[in-house]
Amino acid sequence: MDYLLRRLMKAATRKGMRGEHWAWFALAAGAFVLRRARRREEPVVYSRRVSAGDRLLISIRPPNSQPVGDPLPS
5 MDYLLRRLMK
15 AATRKGMRGE
25 HWAWFALAAG
35 AFVLRRARRR
45 EEPVVYSRRV
55 SAGDRLLISI
65 RPPNSQPVGD
75 PLPS
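Here it is, written out as structure tokens:
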């Protein structure tokens, strides 16, 4: 389905750019929106509002490793 929507979007954009009819742009926009709606987003792992003075440390480590204490000095 994604393949067909992508092809439709590209063809409609091309035809709209050539000036065949404005409806081709509307069709391309519809295909774009439908394609975006069908795509699965990755789930949010962590969410927090950051205020002035807050620190956020992002580290990459193996899933089975032990957490580190406080790596940032106060």
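Residue numbering for the sequence shown follows the working numbering, beginning at 5 and increasing consecutively. Where a beta carbon is used, it is the ideal one built from N, C-alpha and C, also for glycine.
- In this chain, the alpha helix (DSSP H) harbouring residue 6 covers 6–21.
- In the three-state reduction of the DSSP assignment, residue 56 falls in the coil class.
- Residues of the same chain with a CB within less than 7 Å of the CB of residue 38, apart from the 5 flanking positions on each side, are 9 in chain order.
- Residue 16 has its alpha-carbon roughly 45 Å from the corresponding atom of residue 61.
- For the 9 Å CB-CB criterion, residue 28 and residue 14 do not form a contact.
- If you draw a straight line from the Cα of residue 5 to the Cα of residue 51, it is about 32 Å long.
- For a cut-off of 8 Å, the C-beta gap from residue 12 to residue 35 is around 5 Å, short enough to register as a contact.
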